[in-house]
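> Below is one structure. I have some questions about it.
Numbering (my numbering), first residue to last: -16 to 316.
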């Protein structure tokens, strides 16, 4: 057994709550700390802060009280930035200044769900491995090329902790607790939480395609996986059929039977969904988004997007632009 921590050894963890943060990610990160104190003595203490010291409403509209403003955060061992929808809307020069100061003083920095956007915008993830929610990951990669972004559930790299949100926050904190208190403590916590996935974070931060689509048809699944892996450099109908090991006619029948649409329509919808996420979460221009999603020209992309979303991509971008940041932040629905 690891030695019980003393009050002097307690690690201070501060959760920085940004408007519309993910409640499940916050408590997924918090509850393991509470249970660590049960199994390892007073190993951690924690508190909540907000940028202005006022209560913050989560994405489910439940307000959470805080102990004070970010300016009074002091010198915690770990500061975890909690966000979800519209992360860029809450980024300000003052917030970024606080993040950089924390980094300079040696505080470990974390981000859950889209919290890594705050860290990346401050430049404190440059050269580090990091991840975020799968929905925003393409935009994150395009906007922050200096960050070694991954698709893993979580990353812990030299004092930087990031996770994809949701239940992945539990996984990340179990690893953090394992590092500081011993793996046996983390195992006991996972057992108490009925969290049967005990992982090193290497799993993908999104459900596999077969689980998401529930086709029950392996040939169709192979084709859809080929589509998802080739969004910018699109495959021809013949190439897609070869990926599934079927003829073009067989592929068309599979899509009609299981999805009630043509392969071309499904492929275009997949690319438009990716485009919407890039418009929402990246600094990319509308033209660059079109290219990244496999559209040969801006006019073609605009027509397809308008028919699919009911508005042109430029309006989506203008409607959601952040205050001076140049990033679209309109909710995806």
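Note that CB positions come from ideal geometry on N, CA and C, so glycine has one too.
Just so it is clear, the structure is predicted and the values come from calculations on it, not from any experiment.
Note down the Cα distance separating residue 204 from residue -5, rounded to an integer number of angstroms.
Numbered from 1 along the chain shown, position 221 holds the residue referred to as residue 204. Numbered from 1 along the chain shown, position 12 holds the residue referred to as residue -5. Distance between the alpha carbons of residue 204 and residue -5 is about 46 Å.
> Where does the unbroken alpha helix (DSSP H) through residue -5 begin, and where does it stop?
Taking the first residue of the chain shown as 1, we reach residue -5 at position 12. Not the alpha helix (DSSP H): residue -5 falls in the beta strand (DSSP E), residues -6 to 0.
> Assign residue 160 to one of two classes, buried (16 or more other C-beta atoms within 10 Å of its C-beta) or exposed (fewer than that).
One-based indexing of the chain shown puts residue 160 at position 177. Buried, because 16 or more other Cβ atoms sit within 10 Å of the Cβ of residue 160.
> Our contact map puts residue 130 next to residue 8 with C-beta atoms below 8 Å; I'd like the distance itself, whole angstroms only.
Within the chain shown, residue 130 is the residue found at index 147, counting from 1. Within the chain shown, residue 8 is the residue found at index 25, counting from 1. Contact flag wrong, Cβ pair sits at about 19 Å.
> With DSSP as the reference, identify every bridge partner of residue 138, one or two as the case may be.
Numbered from its first residue, the chain shown carries residue 138 at position 155. Answer is 145.
> Would you list the residues sitting across from residue 119 in a DSSP beta bridge?
Position 136 of the chain shown holds residue 119. Answer by DSSP bridge pairing: none, since residue 119 is not bridged.
> Quick check on the DSSP output: what are the complete alpha helix (DSSP H) runs of length 4 or more inside the segment 223 to 282, in order along the chain?
You should have 231 to 241, 246 to 264, 269 to 275.
> What is the DSSP secondary structure of residue 93, counted as helix, strand or coil?
Taking the chain shown and counting its residues from 1, one reaches residue 93 at position 110. Looking at residue 93 - three-state DSSP - the assignment turns out to be strand.
> Note down, in chain order, each residue of its chain lying with its Cβ closer than 7 Å to the Cβ of residue 19, except the 5 sequence neighbours on either side.
The residue given as residue 19 occupies position 36 in the chain shown. These residues qualify, in order along the chain: 26, 27, 160, 164, 168, 172.
> For residue 63, which option in 11, 276, 246, 270 has the closest C-alpha, if you only look at C-alpha atoms?
Counting from 1 along the chain shown, the entry for residue 63 is found at position 80. For residue 63, the nearest C-alpha among the options comes from 11.
> Measuring CB to CB, does residue 229 end up less than 8 Å from residue 247?
Taking the first residue of the chain shown as 1, we reach residue 229 at position 246. Taking the first residue of the chain shown as 1, we reach residue 247 at position 264. No. Outside cutoff.
> Within 10 angstroms of the Cβ of residue 244, are there 16 or more other Cβ atoms? Answer buried if so, exposed if not.
Position 261 of the chain shown, counting from 1, holds the residue named residue 244. By the 10 Å Cβ count, residue 244 comes out exposed.
> In the DSSP assignment, what are the bridge partners of residue 40?
Here residue 40 refers to the residue found at position 57 when the chain shown is read from its first residue. Residue 40 is bridged to 46.
> Quick one: using the 10 Å Cβ neighbour count with 16 as the cut-off for buried, is residue -1 buried or exposed?
Working through the chain shown from its first residue, we reach residue -1 at position 16. When all chains shown are included, residue -1 counts as buried.
> Roughly how many whole angstroms lie between the Cα atoms of residue 239 and residue 198?
For this step, residue 239 is matched to residue 256 along the chain shown. For this step, residue 198 is matched to residue 215 along the chain shown. Roughly 12 Å between the two C-alpha positions.
> Consult DSSP for residue 11 and reduce its assignment to one of helix, strand or coil.
As a first step, residue 11 must be located in the chain shown, where it is residue number 28. Residue state, collapsed to three classes: helix.
> From this set, 176, 274, 236, 266, which residue's C-alpha is nearest residue 16's C-alpha?
Taking the first residue of the chain shown as 1, we reach residue 16 at position 33. Minimum Cα distance to residue 16 is reached at 176.
> Just to confirm, are residue 50 and residue 39 a CB contact at a threshold of 8 Å?
Translated into positions along the chain shown, residue 50 becomes position 67. Translated into positions along the chain shown, residue 39 becomes position 56. Not a contact, by the Cβ cut-off of 8 Å.
> For residue 280, does the count of other Cβ atoms within 10 angstroms reach 16, so buried, or fall short, so exposed?
The residue given as residue 280 occupies position 297 in the chain shown. Residue 280 comes out exposed.
> Hey, quick one: how far does the beta strand (DSSP E) through residue 181 stretch, first residue to last?
The residue you call residue 181 lines up with position 198 of the chain shown. From DSSP, residue 181 is part of no beta strand (DSSP E); its letter is neither H nor E.
> Might you give, ordered along the chain, the residues of its own chain that have their beta carbon closer than 8 Å to the beta carbon of residue 83, omitting 5 neighbours on each side?
Numbered from 1 along the chain shown, position 100 holds the residue referred to as residue 83. So the qualifying residues of the chain are 105, 106, 107.
> So, under 8 Å CB-CB, residue 211 and residue 253 are touching, yes? Tell me the CB distance rounded to an integer number of Å.
By one-based count along the chain shown, residue 211 stands at place 228. By one-based count along the chain shown, residue 253 stands at place 270. That pair is a contact at about 7 Å.
> Whose CA, out of 148, 99, 140, lies closest to the CA of residue 124?
Stepping through the chain shown from its first residue, residue 124 is reached at position 141. With distances taken between Cα atoms, residue 124 lies closest to 99.
> To the nearest angstrom, report how far apart residue 78 and residue 156 are at their CA atoms.
In the chain shown, the residue the question calls residue 78 occupies position 95. In the chain shown, the residue the question calls residue 156 occupies position 173. When rounded, the distance between both Cα atoms is 24 Å.
> Would residue 69 and residue 3 qualify as a contact pair, given that the criterion is a beta-carbon distance under 8 Å?
Here residue 69 corresponds to residue number 86 of the chain shown, with the count starting at 1. Here residue 3 corresponds to residue number 20 of the chain shown, with the count starting at 1. Closer than 8 Å, so yes.
> Go ahead and pull the three-state DSSP assignment for residue 213.
Locating residue 213 in the chain shown gives position 230, counting from the first residue. Looking at residue 213 - three-state DSSP - the assignment turns out to be coil, as it is neither helix nor strand.
> Count the C-beta pairs between the segment 141 to 148 and the segment 110 to 118 that are closer than 8 Å, then say yes if the count reaches three, no if not.
Yes, since at least three Cβ pairs between the segment 141 to 148 and the segment 110 to 118 fall closer than 8 Å, the two stretches touch.
> Anyone know if the C-beta pair for residue 41 and residue 5 falls short of 8 Å?
The residue given as residue 41 occupies position 58 in the chain shown. The residue given as residue 5 occupies position 22 in the chain shown. Their beta carbons are under 8 Å apart, which means residue 41 touches residue 5 by this criterion.
> Which partner residues of residue 32 appear in the DSSP bridge assignment?
Residue numbering aside, residue 32 sits at position 49 when the chain shown is read from its first letter. Partner(s): -1, 51.
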